[in-house]
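Numbering (the working numbering), first residue to last: 788 to 1106.
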């Protein structure tokens, strides 16, 4: 059975699948990234994991994978297939595509940025399905974005397209590791909300999920912290929609798990800020933590460019 390898490498874990031409998930696996052992060990584990997936497919499906798609964090040169830099994995200038191609016996390999790859899946088969232009913004430890146009995700001339987390929304505000001050992710990421709520409630272990629960219960301190994050996020999103004019804004990541505790005030905050701009639909992401792996599968099928194969995935994915 014809299939591809899909691999999503995160800071703590790797998710993988063998994906059929009709989008069926023929095999799924997970394992720890093991970043505490250093970048060389992480690269070795990625190569080994991919080889295991190839061997499993050959044994169980009757043939090796036709291609592979891999999503990784950090700065990624997709055209050259190089993982340029990832702070959470500690690597620099890893020629991951070439290494994987060699390890997998010469099959074509696509390398993608984790957020853009997740955005590709959300745009084609998730919350943005059917939208010709969308912006996917996951709110996690940081904030990044994926700009979707006609079923593709824009990487930009230098691989930095979509870095909405480093749009300055509070000039002269909190310093950001990127070197600027007042960046969006310093106010509206899950990490930023966790930090602000821990300070407000006096519990150093409190996090963004705790803040959301306190908001829902009517805690005034939590509502102030939450509204500050929502206002900053709305400022960043309106800047983005002014430049990009997306039809759909897709919000994902850990903070989006708060559901309408986030989306109701966020929709209202965005609505208040738009003037001449067309208000896009603002929706939660649909694919959860499977988006990166599903997107990696799409990258792999795109490499094959085979008109006889339908690389679309089902509208609902069971994991």
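Ideal Cβ placement from N, Cα and C applies to all residues, glycine included.
All of these numbers come straight from a predicted model, not from anything done at the bench.
Cβ shell of residue i (< 6 angstroms), same chain only, five flanking positions each side left out
i            : result
residue 1105 : Because the pLDDT of residue 1105 is 41, which lies under 50, any placement of that residue in the model is unreliable, and the number read from its coordinates should be weighed accordingly. Counting only Cβ-Cβ distances below 6 angstroms, and skipping sequence neighbours, we find nothing.
residue 1010 : 1002
residue 1090 : 854, 895 and 897
residue 1048 : 999, 1002 and 1003
residue 861  : 872 and 873
residue 1035 : 915, 918, 921, 1067 and 1068
residue 877  : 826
residue 879  : 872
residue 960  : 968 and 969
residue 987  : 1008 and 1012
Cα-Cα separation between residue i and residue j, rounded to whole angstroms
i            : j            : result
residue 840  : residue 889  : 15 angstroms
residue 867  : residue 1004 : 50 angstroms
residue 1013 : residue 1029 : 24 angstroms
residue 1017 : residue 885  : 42 angstroms
residue 911  : residue 847  : 29 angstroms
residue 963  : residue 1092 : 41 angstroms
residue 1042 : residue 891  : 37 angstroms
residue 804  : residue 1037 : 24 angstroms
residue 952  : residue 933  : 11 angstroms
residue 947  : residue 863  : 9 angstroms
residue 875  : residue 797  : 9 angstroms
residue 1085 : residue 825  : 29 angstroms
residue 832  : residue 823  : 12 angstroms
residue 835  : residue 997  : 38 angstroms
residue 974  : residue 1015 : 8 angstroms
residue 869  : residue 899  : 9 angstroms
residue 887  : residue 792  : 11 angstroms
residue 865  : residue 989  : 44 angstroms
residue 945  : residue 902  : 16 angstroms
residue 1098 : residue 844  : Reliability of the predicted coordinates at residue 1098 is poor, the pLDDT of 43 falling under 50, and the value obtained from them is presented with this limitation in mind. Rounded to whole angstroms, residue 1098 to residue 844 spans 18 angstroms at the Cα level.
residue 814  : residue 1021 : 39 angstroms
residue 949  : residue 930  : 10 angstroms
residue 927  : residue 1019 : 15 angstroms
residue 1121 : residue 1040 : Coverage of the chain is limited to positions 788 through 1106, which leaves residue 1121 absent and any answer about it impossible.
residue 1057 : residue 1046 : 16 angstroms
residue 924  : residue 1055 : 18 angstroms
C-beta neighbour in chain D for residue i, strict 8 angstroms
i           : result
residue 930 : In the displayed structure, chain D is absent; only one protein chain is listed.
Nonlocal neighbours in the same chain, by C-beta distance under 8 angstroms from residue i, ignoring five residues either side
i            : result
residue 800  : 817, 818, 819 and 820
residue 939  : 907
residue 1031 : 920, 922 and 934
Cβ neighbour criterion (16 or more within 10 Å) applied to residue i
i            : result
residue 958  : exposed
residue 1080 : buried
residue 977  : buried
residue 970  : buried
residue 1007 : exposed
residue 795  : buried
residue 802  : buried
residue 1062 : exposed
residue 806  : buried
residue 893  : exposed
residue 1094 : Model confidence at residue 1094 stands at a pLDDT of 42, short of 50, so the residue's coordinates are unreliable and nothing is read from them.
residue 966  : exposed
residue 1033 : buried
residue 972  : buried
residue 1088 : buried
residue 1051 : exposed
residue 991  : exposed
residue 1023 : buried
Beta-ladder partner(s) of residue i, from DSSP
i           : result
residue 872 : 862 and 879
residue 939 : 936
residue 761 : Outside the displayed range of the chain (788 to 1106) lies residue 761, so it cannot be described from this structure.
residue 794 : 803 and 857
residue 926 : 930
residue 898 : 857
residue 962 : 968
residue 819 : 800
residue 812 : 806
residue 955 : 970
Any non-hydrogen atom of the ligand MG closer than 7 angstroms to residue i Cβ
i           : result
residue 795 : With respect to small molecules bound, the structure shown includes none, and the ligand MG cannot be examined in it.
Sequence-distant residues of the same chain with beta carbon closer than 7 angstroms to residue i, five excluded per side
i            : result
residue 828  : 821
residue 1073 : 909, 913 and 914
residue 937  : 919
- Those runs of the alpha helix (DSSP H) which lie wholly inside the region 965-1026 and span at least 4 residues: 972-975, 977-988 and 995-1003
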